[in-house]
Every structure is written in structure tokens, then in C-alpha cells.
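Numbers given in my numbering equal positions in the sequence shown, counted from 1, plus 27. Below is one structure; the comments refer to it alone.
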Amino acid sequence: MEYSKQTLRGKKVAILAADGFEYVELSVPRTALRLAGAELELISLHAGKIRGVNLTEPTKTVRVDKTLEQAVASDYDALLLPGGFVGPDFLRQSRLAREFVQAIDAAEKPIATLCHGPWLLVSAELTMGRHLASWPSLRDDIVHAGGLWHDQPLVWDRNWISSRGPQDLAQFVPAMIELFATGAVSAKRLNGARDVESQESSPKPEYPIRAALAAARLLPGPTIRTLGVAALGTAAGVMLARRIAS
């Protein structure tokens with residue numbers, strides 16, 4: 028299925044993200060959704076803007092359209108959950124975020140997620156018996172929550188599609204458009220991907236993803252402001268320890 032400006036016309040898609048989201052995992056799918064004619068709303072924990080990251084380095088911000096207090100799940104036809112090391116961890120701690128994805132899934136609306144995005148599905152207790160791809164570090168979270176984890180570029184399970192991370196965007200984006208438009212994913216999109224008939228998870232990773240590990244080593248040193256905040260925190264900690272000890 029080739030998509031055009033008409034493919035998702037009339038569809039309203041929620042993008043749920045928080046500070047620390049993986050920028051490319053939001054920006055690339057969002058551009059594709061817009062080109063396909065979807066109406067988009069970015070939903071987050073607070074109003075204003077949220078900060079993206081590139082693996083472990085801060086990057087651009089994006090403007091929030093609605094907070095979770097304002098958003099109503101029944102207003103949307105589909106949901107995109109981008110990943111990132113930090114943002115999904117904030118979202119999984121939010122009752123409103125968990126309830127939002129529970130309502131979307133209960134209505135059997137399509138959900139597309141990748142990287143660390145499935146953390147929210149785990150904390151919303153939706154992954155029992157479900158098949159997922161994700162960033163490798165989520166493997167144990169998914170398995171311990173009763174799901175099946177597959178080290179594959181794309182996994183389709185009923186109303187969900189999922190991928191491992193930015194390296195899979197070429198497979199993830201067309202499948203997302205197709206799922207949001209039709210409720211299914213064609214065999215062509217699933218070429219090389221694990222089907223959901225397998226009842227065994229892929230083994231644990233042997234080593235962290237090397238590109239992410241290398242990126243972490245290249246992070247810039249702390250700014251004077253950061254050092255000042257850290258010094259204040261250390262001083263406050265010392266004063267508290269002395270008070271407890273006295």
C-alpha cells in the first residue's frame with residue numbers, strides 16, 4: 028500500500044511523549060503522518076514544549092498541543108508512542124498516561140511504538156500475551172510482564188506494531204501508516220519480521236547497542252551551571268547527613 032495525502036484523511040492521531048523523547052522517533056513518523064493527511068495532536072505531561080534527545084544528547088524541543096488532563100482518548104483514532112531513554116520512563120509513572128493507553132487499547136484502536144515506548148504499555152499492564160519489539164533493555168520488562176519480545180525490525184500483533192529503535196524507522200513508518208489506515212499490516216511490510224505465532228521470546232542481548240554506548244562516551248562535559256547545581260546538592264546532602272547524625 029502506497030500512501031498519499033489522502034491515506035489518513037479524517038484520522039486523528041495522538042502522539043504521547045514527554046521530555047527526553049527520542050527526537051527522530053517523533054519527528055520522522057510525525058512528518059509521514061502529516062503527509063498522509065492525518066490530524067495530529069502532541070500530548071504530554073505538561074503544557075509548553077518538551078525536549079527531545081538524540082540517544083543521550085539533548086536536541087530540539089517540540090510544542091505540546093494538549094496535556095494529559097485535557098486529552099480524551101475517545102477523540103483519537105490511533106496512537107503513536109515514540110521512545111527515548113528518559114521520556115517513556117516519565118510517562119509510565121503517570122496514572123493519566125497509563126489510563127490513556129488503556130482506553131485506546133480497550134477500544135482496539137491502533138498503537139504504534141518503538142524503542143523504549145513499550146515501557147508505558149508494560150506499566151499499563153497491557154502486555155500479557157502480546158508480541159513486541161523494543162530497545163533490547165526492555166526485553167526483561169516485557170517478558171516479566173507476560174509478553175513475548177522479538178529482536179526483529181517490525182512486529183505486528185493485532186492493533187499494535189512495534190520496532191526496536193531508530194534503525195528500524197524504514198520498516199516502522201510505512202507499517203504504521205498502513206495499520207492506522209486499514210487496521211492491518213500487509214505481508215509485504217512484514218517481510219523479514221517475526222510473525223506472532225512464535226511463543227518464544229528472543230534471547231537476552233549479549234552486549235549493549237554499540238552506537239548508543241559510543242554516543243554516551245561522547246557526551247560533553249558539565250557546564251558551570253551544572254557544576255554549581257551539583258555543588259549545591261552535595262552541600263545540602265552533607266548538611267542533612269549531619270543533622271540526622273546529630
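Note that the Cβ used here is the ideal one computed from N, Cα and C, for glycine as well.
At least three beta-carbon pairs within less than 8 Å, the segment 70 to 83 to the segment 139 to 149: no
Alpha carbon of Ser228 to alpha carbon of Asp168, nearest angstrom: 12 Å
Whole-Å CB distance - Leu206 paired with Val212, under 8 Å assumed: Confirmed, about 5 Å.
Inter-residue spacing [alpha-carbon to alpha-carbon] between Gln120 and Glu152: 13 Å
Leu95 beta carbon less than 7 Å from that of Leu123: yes
Closest by C-alpha distance to Lys39, when choosing among Val99, Gln129 and His171: Val99
With 16 other Cβ atoms within 10 Å as the buried cut-off, status of Asp278: What the structure shows of the chain is the stretch from 28 to 273, and residue 278 is not part of that stretch, so it cannot be assessed.
Status (buried if at least 16 other CB within 10 Å, exposed otherwise) for Pro193: buried
Span of the beta strand (DSSP E) around Ser189: Its beta strand (DSSP E) spans residues Trp187 to Ser190.
Beta carbon of Ser150 nearer than 7 Å to that of Arg125: Contact check for Ser150 against Arg125 passes: the beta carbons are separated by less than 7 Å.
Check whether Leu165 and Val182 have beta carbons under 7 Å apart: Taking 7 Å as the cut-off, the Cβ atoms of Leu165 and Val182 do not count as close.
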